[in-house]
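A.B. asks:
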Amino acid sequence: MGRHRSDAVRLDVGVPQGSVLGQVLFAVYVSPVADVISQHGVKYHQYADDTQLRLSMRADNTAAGLAVLAACTVDVRQWYMQNGLQLNPDKSEALVIGTTNQLHATTSPVTTVSVAGVDLPVADELKVLGVVLDKHLSLDSHATSVARACNYHAWAIRHICHLLTTDLAVTLACSLILSRLDYCNSVLYGAPAGSIQKLQRVQNIAARITLQTTRRQPAEPLLKLMHWLPVRQRIQYKLATLTYKIRHTNTPSYLSRHIQSRQSARQLRSSSKPLPCKSTTRTHFADRAYRCSAPAVWISLPADIVDCTSLAAFRTRLKTYLFRVAFRHCQH
642 MGRHRSDAVR LDVGVPQGSV LGQVLFAVYV SPVADVISQH GVKYHQYADD TQLRLSMRAD
702 NTAAGLAVLA ACTVDVRQWY MQNGLQLNPD KSEALVIGTT NQLHATTSPV TTVSVAGVDL
762 PVADELKVLG VVLDKHLSLD SHATSVARAC NYHAWAIRHI CHLLTTDLAV TLACSLILSR
822 LDYCNSVLYG APAGSIQKLQ RVQNIAARIT LQTTRRQPAE PLLKLMHWLP VRQRIQYKLA
882 TLTYKIRHTN TPSYLSRHIQ SRQSARQLRS SSKPLPCKST TRTHFADRAY RCSAPAVWIS
942 LPADIVDCTS LAAFRTRLKT YLFRVAFRHC QH
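One rule links them: number in the numbering used here = place in the sequence shown (from 1) + 641.
Spelled out as structure tokens, the structure:
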């Protein structure tokens, strides 16, 4: 700074900040920690420097599961220390997820979780890569958070909308509002109607502001005029597109293993076009998992869409189909 210079320090571990290969090199460097986690039978998911641990527990024996998790995190911290990295347990968060009956049935309610020797209070909700998860996975908090952010930008556009052309206003609405409605919206499949309605109201407001109509103007004809799919159909669009990519590339592996083709005991006309097999579940809560939601959406699509040989053609036909379904009874 100015004429002052700090002492030089040799760094043997790390990558230059902002480098092109920095993210890849870091992911390669920390990849062995997956073996440490797997030794404890704990499931995990890694994204850059974010590591998520998942463990199922019985309601009548939560202590056993918590003990396994505590031992796993201690070993993970030890691996980090031996490899020149630091795990800060104080910045970690813990969440216990289950149905209302499952959480009430726990013999000893879980209030703290030991992570790398530090007792963390169990949170009511936490944010994972921009998605707010709550203990019932209702995603109502996530819908509220997205709606709040979208409303902020919607009213900002409203203040300057009279200075913009319609095409420019639509572009702003798509980039600032619809992009937020579409981010990770596949997790909202099967969410309570109230959560979906919160997001639909935001899209309706955006349509009225963009076309400069009154607040009481019906939104459905406006959405149809701008060729915007409603929120529920946007969720189905995202799930179907994701499933198409997985069926053709088998990636990512943690999702592709849940897409299994249905096998027929005898030869049928549809045998040459295998469909995903929907897993059997006992609760609506479990029906929202990808292994159930993806086959449900895929099976509902017409054959001419499922049989598309290119992603571009699939997306075009899919949007046209969902658009017709959404506005079947709308006249404009």
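Backbone N, C-alpha and C define an ideal beta-carbon position, used for all residues, glycine too.
Suppose only complete runs of 4+ residues qualify. What are the alpha helix (DSSP H) ranges in the region 762-848, listed by chain order?
C.D. replies: For the region 762-848, whole alpha helix (DSSP H) runs of length 4 or above, ordered along the chain, are 781-801, 807-814, 820-823.
A.B. asks: With H, G and I counted as helix, E and B as strand and the rest as coil, what does DSSP make of D857?
C.D. replies: Taking the sequence shown and counting its residues from 1, one reaches residue 857 at position 216. Residue identity check: residue 857 is Arg in the sequence provided, not Asp. Coil, per DSSP.
A.B. asks: Please report the residue range of the beta strand (DSSP E) in which L942 lies.
C.D. replies: Stepping through the sequence shown from its first residue, residue 942 is reached at position 301. No beta strand (DSSP E) holds L942; DSSP gives it neither H nor E.
A.B. asks: Report the CB separation of H717 from A735 in whole angstroms; it is logged as a contact under 8 Å.
C.D. replies: For the purposes of this step, residue 717 is identified with residue 76 of the sequence shown, where counting begins at 1. For the purposes of this step, residue 735 is identified with residue 94 of the sequence shown, where counting begins at 1. A small correction: the amino acid at residue 717 is Val; His does not occupy that position in the sequence shown. Not quite, the Cβ-Cβ distance comes to about 14 Å (not below 8 Å), so this is no contact.
A.B. asks: Is it the case that the region 799-814 contacts the region 779-790, given that we only count it when at least three CB pairs across the two stretches are under 8 Å?
C.D. replies: No, they do not touch.
A.B. asks: Comparing C-alpha positions only, which one of H686, Q727, K865, L883 sits nearest to R849?
C.D. replies: Along the sequence shown, read from residue 1 onward, the residue named residue 849 stands at position 208. Minimum Cα distance to R849 is reached at K865.
A.B. asks: Which class does N891 belong to by DSSP, given the choice of helix, strand or coil?
C.D. replies: For the purposes of this step, residue 891 is taken as the residue at position 250 of the sequence shown. N891 falls in the coil class under three-state DSSP.
A.B. asks: Please confirm whether any heavy atom of the ligand MG lies closer than 6 Å to the CB of L822.
C.D. replies: With respect to the ligand MG, the structure shown offers nothing to examine, as it has no ligands at all.
A.B. asks: With distances taken Cα to Cα, identify the nearest neighbour of Y793 among L770, R821, L778, G739.
C.D. replies: For the purposes of this step, residue 793 is identified with residue 152 of the sequence shown, where counting begins at 1. Comparing Cα-Cα distances from Y793 to each of L770, R821, L778, G739, the minimum goes to R821.
A.B. asks: Helix or strand or just coil, what does DSSP make of A712?
C.D. replies: Here residue 712 refers to the residue found at position 71 when the sequence shown is read from its first residue. Residue state, collapsed to three classes: helix.
A.B. asks: If I follow the unbroken alpha helix (DSSP H) through H686, where does it start and stop?
C.D. replies: Here the question's residue 686 lines up with position 45 in the sequence shown. Premise fails: H686 lies in the beta strand (DSSP E), 684-688, not in any alpha helix (DSSP H).
A.B. asks: Contact between the region 703-722 and the region 740-759: three or more CB pairs below 8 Å?
C.D. replies: Segments in contact, yes.
A.B. asks: Flag this pair as yes or no: are the beta carbons of S733 and A784 separated by less than 7 Å?
C.D. replies: Locating residue 733 in the sequence shown gives position 92, counting from the first residue. Locating residue 784 in the sequence shown gives position 143, counting from the first residue. No. Outside cutoff.
A.B. asks: Contact between the region 847-863 and the region 936-953 is defined here as three or more beta-carbon pairs at a separation below 8 Å; is this criterion met?
C.D. replies: No contact exists between the region 847-863 and the region 936-953.
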